[in-house]
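Residue numbers (this note's numbering): 269 to 602. For glycine and all other residues, C-beta sits at the position ideal for the given N, C-alpha and C. As structure tokens, the structure follows; a few thoughts come after it.
As structure tokens, then:
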């Protein structure tokens, strides 16, 4: 990451979550992250106030003309609402407060979709090798607070089209008897057992509760952090929880690859999997990914990698701004 404001063309980028707002400066289409800073959302009454505090502290001589932010929540028209924080973000008002010519705000998973084609080999870890088709779609799946799903499709003109979806809420399916038993347990507690119910931070706790119940153990609520600690300590319930998580992720990832024809590859993002690269590689992920009967030969050439860049959303936001420059969008192409 760069640490000096060396270009007058720097844009302001921000990754806004329910707890923290991460700010930096980047050139459109760039890869170097300049002057990153994390600010607690709770310390500021609004996003604009947080952004002004960042610029005052980290870049007092820089006056960005354009900015791109991603938010952990829905973006509808010119309004964004964080799912886990009270900020209500109105794009025109924030643009005026920050003195910007242009401000783009997109969903956080959309930012990851912009990032995927721009990641280098250093930004990802290969989970399974393959022979990707450069003209084929790339599927993106991200277990984190929730389960994000998107598709990145070559447009035939050297660029990319992104297809957002709510694929994380498809119905969870079983691939063996243990899955059947786990999902049967969860159906007693949820109206709909979606993929997100098992493949997310909360999904880890749901799996842990189900496996504990099936083993006749206490089903007291635990956090993902607690499960991780128990896993490292050799606890069998925690170890099965992680193993089942990776296996089910393989099933869902294979389903997604078939659904969107992901001959360009499958990218796994989110905050969980990068912490367990050795564990997922040793798990049944690949077996489940390929376990589609006659379609195994279709899936076999598809590579799967894990996004390991610490701030991939920034790469996506810079890519979004770069595409605007290339398309000569006003205020960016001058």
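Practice task
Could you tell me whether the stretch 381-394 touches the stretch 345-357, using the rule of 3 or more Cβ pairs below 8 Å?
Solution key: no
Practice task
Measuring alpha carbon to alpha carbon, tell me which of 526, 351, 592 ends up nearest residue 561.
Solution key: 526
Exercise for the section: Could you check what DSSP says for residue 295 in three-state terms: helix, strand or coil? Expected result: coil
Practice task
Compute the Euclidean distance between the alpha carbons of residue 475 and residue 452, then round it to the nearest angstrom.
Solution key: 12 Å
Problem - Expected contact under 8 Å - CB spacing of residue 472 and residue 413 to nearest Å - result: With 8 Å as the limit, residue 472 and residue 413 do not qualify as a contact, their Cβ atoms being about 11 Å apart.
Problem - Per-residue burial, residue 338 [other beta carbons within 10 Å of its own, 16 or more giving buried] - result: buried
Handout entry: Between the CA atoms of residue 277 and residue 570 - distance to the nearest angstrom
Key = 38 Å
Problem - Neighbourhood of residue 490 by C-beta distance below 7 Å, restricted to the same chain and skipping five residues each side - result: 473, 476
Problem - Endpoints, beta strand (DSSP E) assigned at residue 307 - result: 302-308
Handout entry: Beta-carbon gap between residue 511 and residue 551 smaller than 7 Å
Key = yes
Handout entry: Chain-order list of residues whose beta-carbon lies under 7 Å from that of residue 515 (same chain, five-residue window excluded)
Key = If we look at residue 515 and ignore the five residues flanking it on each side, its Cβ neighbours are 551, 552, 553, 556.
Exercise for the section: Determine the DSSP secondary structure at residue 416, reduced to helix, strand or coil. Expected result: strand
Handout entry: Sufficient close CB pairs (3 or more, under 8 Å) joining the stretch 491-504 to the stretch 359-373
Key = The stretch 491-504, when compared against the stretch 359-373, does not touch it at the 8 Å Cβ threshold.
Handout entry: Buried or exposed by the 16-neighbour rule on C-beta atoms within 10 Å, applied to residue 543
Key = exposed
Practice task
Taking the CB atoms as reference points, tell me whether residue 405 and residue 419 lie closer together than 7 Å.
Solution key: yes
Problem - Segment limits, beta strand (DSSP E) that includes residue 523 - result: Element bounds for residue 523: not the beta strand (DSSP E) but the alpha helix (DSSP H), 504-528.
Exercise for the section: Work out the CA separation of residue 368 and residue 313 for me, nearest whole Å. Expected result: 20 Å
Practice task
Grab me the residues of residue 558's own chain with a C-beta within less than 6 Å of its C-beta, minus the 5 sequence neighbours each way, in chain order.
Solution key: 564, 567
Problem - Own chain, CB closer than 7 Å to residue 601, minus 5 neighbours either side, in chain order - result: Residue placement at residue 601 is flagged as unreliable, the pLDDT there being 42, under the threshold of 50; the coordinate-derived value follows with that caveat. 593.
Practice task
Inspect the CB distances between the stretch 279-296 and the stretch 304-318 and report whether three or more fall short of 8 Å.
Solution key: At 8 Å Cβ cutoff, the stretches touch.
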